[in-house]
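Just below is one structure, and these are the notes that go with it.
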Amino acid sequence: MMGMKRDKKDEEDASGGNPFHNVEKTAVLQEARIFNETPVKARRCTHVLTKILYLINQGEILGTTEATEAFFAMTKLFQSKDVVLRRMVYLGIKELAMIAEDVIIVTSSLTKDMTGKEDTYRAPAIRALTAITDNTMLQAIERYMKQAIVDKSPAVSSAALVSSLHLFKTAPEVIKRWVNEAQEALNSDNVMVQYHGLGLLYQIRKTDRLGVTKLVAKLTKMPLKSPYAACHLIRMVCKLIEEEESAGGEVTTLMDYLESCLRHKSEMVIYEAAHAIVNLRRTGPRELAPAISVLQLFCSSPKPALRFAAVRTLSNVAMTHPAAVTACNLDLENLITDSNRSIATLAITTLLKTGGEASVDRLMKQIASFVSEISDEFKVVVVEAIRSLGLKYPRKHSTLMSFLSGMLRDEGGLEYKASIADTIIAIVEDNPDAKEAGLTHLCEFIEDCEHTSLAVRILHLLGREGPRTKQPSKYIRFIYNRVILENAAVRAAAVSALSHFGATCEDLLPNILVLLQRSQMDTDDEVRDRATYFYSVLSRKQAALNSQYILEGLQASLVTLEKALLNYVQHPSEAPFDLKSVPLAPVIEERHVAPTGQLDGGGSRATPASVAAPTATRLPATATRQDVYIEKLSAIPQFDSFGPLFKSSAPAELTESETEYVVRCVKHTYAQHMVLQFDCTNTLSDQLLENVNVAVEAPEGFDILVSIPCDKLEYSVLGTCYVALSLPESVLSSTGTCSATLKFTVKDCDPTTGQPDSDDGYEDDYVLEDVEIGVSDHIQRAAKASFGTAWEEMGSTNELQETFSLPAIRTLDEAVRNIISFLGLQPCEWSDKVPEGKSAHTLLLSGVFRGGFEVLVRSKLALSPEGGVTMQLSVRSGDPEVSELVASAVG
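Structure (C-alpha cells):
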C-alpha cells in the first residue's frame, strides 16, 4: 500500500498537478467527434470541450477549418439538458466566434435561451450572443437586449449591460438608443447592476462634456447604494476636475464631493477618494491633509489589503509631497515589523523618502532585519529609495555604502544586483567624498560577480575613476584578477581599464606595460588585440597619444560613421576619409537642460535657475534623434550641398500649446549653413491650411537661401516647413535673433470629413515667437576624460580670459547650471558637482565648434561678499575667433 501511495505521489509530482499538461491539439480535435454522437454523453463531452478551451487559452492556434468543424460539432450539444455542459458550450461559442466561419447559425438557439425561463442559461446566452453579433444582426436582437437590461434578475441585467459595453465599440449609434434602459439600471438596488448601469451610461455620454457634467451633478447629490458605482463616479469626477482646471473652470463643488467621500461607510470608496485626491495634478497641502489623515488611519487597519493600499499610496505621495507624509512616520514605523513583508518594504521606503538625516542609521538597521526575507522585486524598491537618500544626505554615504555592500553579497538576480551597482555608481558620481569607498565595494563585488554585463560596466567605471583617486595602485590587483579568471568579454574590459591607469598614472606605467604584455598571449583575439593596441600606444610615453587614443576614445556617432564609411567604400575618392565629417555622438542628458537663454547679472545673459547640468553618457550604437534628422534632411535636394550635419537643437516652442496653431522650431547646424525646421500643427478641425510657409527675417550677416513650404496642414496632422540660411563668414557674427511669421491660405472645411467646403480660401498669417540663434547652436558637446591633459595640449595661443560679475545668481550650483546651459558645452571630470559648503569652485567644460574646432573652458567661480557670483572665464580653442565668440557671449 505504501508503494502504491508513493507511486501516486510521484505521478502527481511528474504532472505538476495539471491533468491537461500532455494534451495535443490533433488528438483533442479527433475526440471532438463525440459531439456528433446520439444520445449526447454529457460528462465526456464536457471533458473534451474543457480540453479545447484549455488549448485556446494556452495560446494554441486553431486554423479556420479546424475551428469551424469543432464549432459546428459543438452546436449539436444544444440537445443536452445538462447545465454544466450547456454553460461550457456558451464559453466555447465565445472563444471560437472570432476564428470559425458562419457562427451566426447558433443565433436562434442563443436567442431562445436568452428569452427563455431558465435563468441559469439566460445570462451566459446573452454574453455568447453578443460575441457572434455584428452590426447587421444587432437590430434583430435590440428589443431582447433592452428587455434584458431592465430584467428583474440581477445576473441577466448585468450580463446585458456588460455586453452592451462591448457592443458599443462597434455599434455606438445603436447602443446610444438604450440610454433610458441604462438609466433605469442605474436606479437598481443590486450593487453590480447599478455599477454596470453607470458604466454604460458614462460610455454613452463620454463624448458629450455637458452630458457628463449633468450626470455627475445629479449623481453627486444622490447616495449610490453600490460602492463599485461610487468608485466609478469618483473617477468620473477626477477626470472632470482635470478638464475643468485645464479650461480654467470652477471645481470647488467637485472637490467638496471628493472630500465627502472620505466619510463614506465603505472602506473601498474612502480609499478610492483618498487615492484620487492625492493624484490630482494641482492638489495643494490643504486638499491633501484630509486624504493623508484617512490613509494614516488605514495604516493601522487589521486588514492587510487596506494597510498595503494605504502605505503604497503614501509612498507615491512622498515622492512629490514628502512634508505632507511626515505626519504618518510613527504609523509607518509600526508597519516595519508587519508580518506582510510587502507592507513592511513599502513602509521603510516611504520612511526613507520622508525621514530626516538623523534617522538614517536607525532606518538602515531596521531594514537589515528583514531585507533578506523579501523578493528581488521589493529589494529593488528599497535600493531605489536608498539612492534617493544618498543624493539627499551626502554625508551619510558611509552608512549607505556599507549597507549596499552587504546587499551585493546576498543572493539575487541581475536586475537586483544591477540596481545596487547603479545606486553605488550614482552616489560615487554625485559625491566626491564617497568615491574611494564606493570603488572599493565594487572591486570586492566583481571578485564573485556572475553577471558579465555588470562586471564590464564596473570595470569601465574603475578605469575612468580609479586613476584619479589618492591610491590608484590598490585597484590594479582587482582588475588584473579579472584578466586571469574571467570570460573573454570581462577580460577585454579589464585590459581597457588597465590602459587608463597607464595613460593617467606615470608611476604605474611600467607595471601596466608588463601586465599588458602578458595579456598579448591571451586565447581570445579581442583581448590580444586590445592589449597589443594599448601596449603600442603607452610604450611611446606621449601624453597627446594617450589622451587621443586611450582616454578620449572614438566620439563619432557609430551609426552615422558606419553609413559614411559604407558610402566612402561604394564611391571611392582620392581624398582620404575625414573623420571630422562624421557628427559627434550625442550625449544622454540625464537631467533636463533648457534651451539657449541668457546669463543673468552684470548686463549679461541668463537662463532660468531651475536648469540642471547634464551628465555625459554616450549613447549606444543605435539610431539617435540626430541620425533620424540626418536621414530626413538628406532626402531634401536643396540641402545636398551643405555637407554633413553638425548638430540639431532640441525643439523650441514658438507658440503656446493651447493656441489654434502650434509651431516648434528645430535648428540644424552645418559647417556654413543653418536649416530652421518648423513643425506645425493645426488644432482647428473646421479649417484646412494650404501653402503653409514661415516668413523669416534673418539677422545681419545671415542670408536666406531657400524656403520650403508645407503643401497643406490638415487638422491634428503634423506638417513641416524649412528655411535654409547661410551663416556669416565671420564666426563673431554667428549669433542673432530671427523674427518669424506663419503664413498660409485658409479654407473652411467639414470637421467630420476634413474636406474643404469650397475651392475658395483667404490669406492669413500668425506671428510666432522669435527664434534665438545662440552660441550653443554652434557647439557640440564632447567630454574629455582628462581635461588637464587636453588643456595643456591645446596651448595658450588662442586663449582669452574675461572676468564677470553675476549679481542675480545667488549660489554656485545655480551659476554652474546656467553656464552649462548657455554655452552648450559638456562638463568634464564631474566638475558640475559643487561640493557642499564650498565658496569657490572650478567648472571645466569642453566641446567642438562647427568646423571641427575644439573648445575648452575653465570657469573659476566664487561667491562674492556683496552677494552674487564672480566668474573668471578662460577659453582655449583651435581658432582665435571661436575663443573670442565664446568669451564675449557671456558678457
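With the UniProt record's numbering as the guide, the letters of the sequence shown map in order to residues 1 to 891.
Quick reminder that beta carbons are idealized off the backbone N, C-alpha and C, glycines included.
Item                                                                                                                                   : Value
Simplified DSSP assignment, three categories, for residue 523                                                                          : coil
Other residues of its chain near residue 825: CB distance less than 7 Å, five sequence neighbours each side excluded                   : 779, 781, 845, 846, 847, 855 and 857
Meets three-Cβ-pair contact criterion under 8 Å: the region 184–191 and the region 219–228                                             : yes
Classification of residue 925 by the beta-carbon crowding that lies within 10 angstroms, buried from 16 upward                         : Here the chain has residues from 1 to 891 only, and residue 925 is not among them.
Residue from 502, 267 and 364 with nearest C-alpha to residue 406                                                                      : 364
Proximity winner among 863, 746, 534 and 337, relative to residue 756 (alpha-carbon distances)                                         : 746
Neighbourhood of residue 434 by C-beta, 6 Å cutoff - its chain only, sequence neighbours within 5 removed                              : 397, 427 and 428
Contact set for residue 281: own chain, Cβ-Cβ below 6 Å, skip 5 residues either direction                                              : none
Unbroken stretches of the alpha helix (DSSP H), 4 residues or longer, contained in the region 224–260                                  : 227–246
Local Cβ density within 10 Å of residue 467, reported as buried at 16 or more and exposed below that                                   : buried
Sequence ranges, alpha helix (DSSP H) only - wholly within the region 763–833, length at least 4                                       : 787–794 and 812–823
Given 8 Å, three or more beta-carbon pairs between the region 795–802 and the region 869–885                                           : yes
Bounding residues of the alpha helix (DSSP H) (the contiguous stretch that carries residue 500)                                        : 488–504
Nearest to residue 33 (by Cα), restricted to the options 68, 64, 119 and 817                                                           : 68
Contact set for residue 504: own chain, Cβ-Cβ below 6 Å, skip 5 residues either direction                                              : 467
C-beta atoms of residue 456 and residue 488 nearer than 8 Å                                                                            : no
Boundaries of the beta strand (DSSP E) in which residue 688 is found, first to last residue                                            : 687–697
Residue 765 Cβ short of 7 Å to the ligand ADP heavy atom set                                                                           : You won't find the ligand ADP in this model; it holds no ligand whatsoever.
Cut-off 8 Å between Cβ atoms - residues of its own chain near residue 796, not counting five sequence neighbours on either side        : 876
Neighbour-count burial assignment, residue 129, 16 or more Cβ in a 10 Å radius                                                         : buried
Where residue 744 falls: helix, strand or coil (DSSP)                                                                                  : strand
Top-ranked residue by Cα proximity to residue 154, from 659, 190 and 131                                                               : 190
Inter-residue CB distance, residue 688 and residue 749 (contact presumed, cutoff 8 Å)                                                  : 5 Å
Contact belief for residue 812 with residue 863 at Cβ below 8 Å, rounded distance in angstroms                                         : 7 Å
Simplified DSSP assignment, three categories, for residue 23                                                                           : coil
Residue range of the unbroken alpha helix (DSSP H) whose run includes residue 421                                                      : 414–430
Buried versus exposed, by CB contacts within 10 Å (16 or more), residue 485                                                            : exposed
Beta-bridge partners of residue 863, as assigned by DSSP                                                                               : 869
Bridge-paired residues (DSSP) for residue 756                                                                                          : 749
Start-end ranges of the alpha helix (DSSP H) lying completely within the region 135–185, minimum 4 residues                            : 135–149, 154–168 and 172–175
Cut-off 6 Å between Cβ atoms - residues of its own chain near residue 647, not counting five sequence neighbours on either side        : 669 and 780
Residue 349 vs residue 315 beta-carbon contact at 8 Å                                                                                  : yes
Residue 132 to residue 140 span [Cα, whole Å]                                                                                          : 13 Å
Contacts around residue 231, its chain only, beta-carbon distance under 7 Å, and the 5 residues preceding and following it disregarded : 268, 269 and 272
Simplified DSSP state of residue 726, which is helix, strand or coil                                                                   : strand
Contacting residues, own chain, Cβ-Cβ under 8 Å from residue 404 (five flanking each side not counted)                                 : 383, 386, 420, 423, 424 and 441
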